[in-house]
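Novice:
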Amino acid sequence: MAQNFGKGHHLHLIDGSAFIFRAYHALPPLTRKSDGLPVGAVSGFVNMLQRYIEGNTGDDAATHVAVIFDKGSHTFRNDMYDQYKANREAMPEDLRPQIPLTRDATRAFNIACEEIEGFEADDIIATLAHQARDAGGRVTILSSDKDLMQLVGGGVEMLDPMKNKRIDKDGVFEKFGVGPERVVDVQALAGDSVDNVPGAPGIGIKTAALLINEFHSLEELLDRADEITQPKRRQTLIDNRAQIELSKKLVQLDCDMDLPFDLDSLEIRDPDPEPLMAFLADMEFRTVTKRIADKLGVTAPVIEAAPAPDAPQPEEVAFDADAYECVSDAAALQVWIDRIRERGYVAVDTETTSLSEMKAELVGVSLCVEPGQACYIPLIHKAGKADDLFGTDDLEEGQMDLDECLSLLKPVLEDASIIKIGQNMKYDAKIFARLGITVAPIDDTMLMSYAMHAGTHNHGMDILSERYLGHTPIPIKPLLGAGKSAITFDRVPVVDAVKYAAEDADITLRLWQLFKPQLHTKKVTTVYETLERPLVPVLAQMEMHGVKVDRDTLSRMSNAFSQKMAGLEAELYELAGHEFNVQAPAQVGKILFEEMGLEGGKKTKTGQWSTPADALEDLATEHDFPARILDYRQLAKLKSTYTDALQEHINPETGRVHTSYSIAGANTGRLASTDPNLQNIPVRSEEGRRIREAFVAEEGKVLVALDYSQIELRILAHIAGIDALKQAFKDGQDIHAMTASEMFDVPLDEMTPEIRRKAKAINFGVIYGISGFGLARNLRIPRGEAQGFIDRYFERFPGIRDYMDDTVAFAKDHGYVQTLFGRKINTPEINAKGPHAGFAKRAAINAPIQGTAADVIRRAMIRMPAAIEGMPAKMLLQVHDELIFEVEQGAEDKLIAAAKDVMENASVPAVKLDVTLAVDAGTGANWAEAH
DNA sequence: ACGCTCACG
DNA sequence: GACGTACGTGAGCGTA
């Protein structure tokens, strides 16, 4: 039979099961309205197929494609080994009925869908890949399954759809340490716990690769096993020969199956709209049906609305960008304002010329009062085209006058009886504040999501919309472009802006309707209302105020650094004997470990030499070169990240630096500071600390810094109930010295700095979920000794061990951990197997401690404006356990008394701690002095 | 865009 | 000696 498939053709093989499981885990458990059939995974699967089809263009586009599925649970491998895949978890109940639907979905898209009883999908993929390769075509396998890596090579590649990463021969080598043709040999030795392939006990991928590379093949290795030098390894291979040979058969894919179809039958076909629409309508997917209908240029079928539920469901109204209204005069806006007053709430979104609120100009405002009913009010869109070099700055016709719009909106935005809903409302509130409007009261969908979902995903609008509304928002990129040719939003034509901007308000309103009741069922309403939402106006004020930074001080330091760096550079070239890029770790590593021949060099996972500071420090005791590299790096860091970059952030209008705090950035409840990050200004080194001298108080004022002393250890003492620690804090003792005394049986008056240093490291280690390895590395002591310290610590403070065990157990039970104030931090990875496991455990142990400390300072910040009202003082910055104020000279004592009181009592009345919270204060003309 | 390195609590 | 490890962040640089 003549076959057409050959050179120039490109076959895509999609691992269907992988798609299904990803779809299942990525989406909430959606059900079909009419009968409650679970369809979440089908919906995700359909979306992934649609996205795949849309993305299949360009040079890599497939000419042939098939989705390959497993069929039946019993395969020829079970006949060889009855334990094969025996420890697989059963398929979730609500996924099982969706499996056949994914086949239907594939066929509905007119994509070939293949499965064969008694074989795994991997075998079909292997056979097809070989056939296509032999015919001279290209093959891409869309999967991240390492079992398929044996197929790579000769025109066959893999594509990890999750990371969008192509895996070629080099990629396989990275994973297995051998080429694709020896992958099965390595797998046979290493075994696989997921598939329950036994392999050789005690041998993993690393050792297996070593052996195979030495003996060239598994067969030769087994025949010559007696030549292996390590006695234990030799015996293992001799004893387990049969098991290893069986393992190889289990992992070896069958690439020579008799297939009842040929490659030509997989040629790409356009979807047939009729059956596709019928399938989607049957699944009752409203949004995706409409989107695909638009793509295909057909009318979407009408999907019957579900029988009336108690509350209007957000997803009942399809998104329709053409339905949004462009408001261009006062009369039209008044209609919207009447509707807002009628309802008592409105979703608001602003469009501006910049992401930086202190520079951004308001370009337009969107409003939404009901799902699907949104408008956009364009204000200053320019008429000139973006690519028109002589583009005029004349305004486009049909826009509202800015002042007129604001004067109409102001009473609504400030009306105490109308809730203004936003996604990241701090941004919009600052834009309005600069225009004289104080937006209140507010709700914020980003913060609602953070209160419910911290730890599971981020809280940007795109991700929330996709996850919880099943709708992909219109992307901004095509409107603005990217890179150098990017334009600002005021250059976007009004017709396009309306669709994009109004949709954002629409999405925000729908998310609000969905999230609001969920806050109650997830029991985080109090967290949202007392720890998240009230922080918005407080942070907005701090950010707008900014901190004064002295440009001359920074500029002088930059120059001094430049000179020193030039000197060091010359010295380094001399030492190396040639010029090189001092800032490129790969080149530094090459000089150290190849040219100079130093020992102990490690490589990173990308195969480059690794040159972190601690490794260089060890080498610096013997050699000048690494010492000078360290000197250079410190200066380069200080100059580029601080003395140079900070100058760029001085706002020309205010002369101050305005950071932005993200409330929902860190999973634990901590804030994060960006643009610039003012939470990592140097302090630990003398040279770096001087940068804080550039953070100054205004003429006639001083800076005041107030910081919690040992707050995390105090919280640990409370949560874990460690009486000795509590007592020490009560007595105002040196906590690390006390720990050292307990552990090493040294009386306090005989304490040495060295012993205290060890105890301090252990105290911190405990907060981070201590491990012998980590402590050993930190203290640079042997691992056994470190483990000994930890054992001793747990012996003296048994409550700590209990806290750790209980916390991990709680996380495994509930999928989250909690702070003392009820903040939930989700721990989706806690039941993971493998290297992920330890990571998740330590994060779970740390989160309640770090998170409670974060809650405490949040409460203090929220109460601060009222406590210092009337004082000539402003709160400027937060650095996790520290607050920085600017206050008129003479008023500092009064401020310190008031602010300290708020901070020390921040936990009450919600939580009464067994330990007191102590706050240290400092003042000065600049931050270095105040700290 | 991503990995490495390093600044902070 | 199977694997990789202290917790939480953001920014600048080099390399692809």
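Numbered according to our numbering, the first sequence spans residues 38 to 968. Positions of the beta carbon are idealized from the N, C-alpha and C atoms, including for glycine.
1. Just to confirm my understanding: we take A682, look at its own chain, exclude 5 residues before and 5 after, and list those with CB closer than 8 Å. What are they?
2. How far does the alpha helix (DSSP H) with S444 in it extend, from its first residue to its last?
3. What is the DSSP secondary structure of L954, counted as helix, strand or coil?
4. Can you tell me the Cα-Cα spacing of N868 and G492, whole angstroms?
5. Please state whether the Cβ-Cβ distance between I105 and I161 is less than 8 Å.
6. Quick check: what's the CA-CA separation for V30 versus P946?
7. Just curious, the beta strand (DSSP E) that T177 is in, first and last residue?
8. Got a sec? Which residues, its chain only, sit under 6 Å from C405 by beta carbon, not counting five neighbours each side?
9. Quick check: what's the CA-CA separation for A928 versus I728?
10. Taking M437 as the reference, which of D499, A368, E451 has the closest Cα?
11. How many Å lie between I921 and V741 at the Cα?
12. Can you give the Cα-Cα distance for G614 and E631, rounded to whole angstroms?
13. What residues match up with T389 in a beta bridge as DSSP calls it?
14. Do G174 and H47 have their C-beta atoms closer together than 8 Å?
15. Does any heavy atom of the ligand ATP sit closer than 7 Å to the C-beta of P415?
16. Which of the three DSSP states, helix, strand or coil, is assigned to L132?
17. Leaving out the 5 sequence neighbours to the left and right, which residues in its chain are closer than 8 Å to A935 when beta-carbon positions are compared?
18. Measure from the alpha carbon of F826 to the alpha carbon of each residue in H62, K795, Y840, then state which is nearest.
19. Verify whether the separation of the beta carbon atoms of G435 and I414 is less than 8 Å.
20. Note down the Cα distance separating Q855 from D131, rounded to an integer number of angstroms.
21. Would you mind working out which of H917, G821, S454, G95 sits nearest S746, comparing C-alpha positions?
22. Examine the Cβ distances between the stretch 811-819 and the stretch 837-846 and report whether three or more of them are shorter than 8 Å.
23. Could you tell me the alpha carbon to alpha carbon distance between V694 and N963, rounded to whole angstroms?
24. Indicate the three-state DSSP secondary structure (helix, strand or coil) for K457 in the structure shown.
25. Could you tell me if A846 is buried or exposed, where buried requires 16 or more neighbouring beta carbons within 10 angstroms of its beta carbon?
26. Express the C-alpha separation of I458 and P346 in angstroms, rounding to a whole number.
27. Using 8 Å as the threshold, is the C-beta distance between A123 and N233 below it?
28. With distances taken from CA atoms, which of D171, L64, D97 is nearest K44?
29. Nearest by alpha-carbon distance to H111: which of S80, T139, F82, F156 is it?
30. In the structure shown, what three-state DSSP assignment does A848 receive?
31. Is the CB-CB distance between E730 and T590 below 8 Å?
32. For my contact list, L743 and D668 are in at a C-beta cut-off of 8 Å; report their separation, rounded to the angstrom.
33. Apply the 10 Å Cβ neighbour rule to K463 and answer buried if 16 or more other Cβ atoms are within range, or exposed otherwise.
34. Nearest to G191 by CA position, among K206, S181, P198, I468, is which residue?
35. What are the boundary residues of the beta strand (DSSP E) that P415 is part of?
36. When burial is assigned at 16 or more other CB atoms within 10 Å of the CB, is R133 buried or exposed?
Specialist: On the basis of the coordinates in this document:
1. P713
2. 439-450
3. coil
4. 14 Å
5. yes
6. The question about residue 30 has no answer here: the residues shown for the chain are numbered 38 through 968.
7. 175-179
8. A384, A411, A542, D543, L546
9. 26 Å
10. A368
11. 6 Å
12. 13 Å
13. L399
14. yes
15. Looking for the ligand ATP in the displayed structure turns up nothing, as the structure carries no ligands at all.
16. coil
17. A904, I905, M908
18. K795
19. no
20. 29 Å
21. H917
22. no
23. 14 Å
24. strand
25. exposed
26. Confidence in P346 is poor, its pLDDT being 43 and thus under 50, which makes the residue's placement unreliable; the coordinate value appears in the next sentence. Cα to Cα, the separation comes out at about 24 Å.
27. yes
28. D171
29. F156
30. helix
31. yes
32. That pair is no contact at about 34 Å.
33. buried
34. K206
35. 410-415
36. exposed
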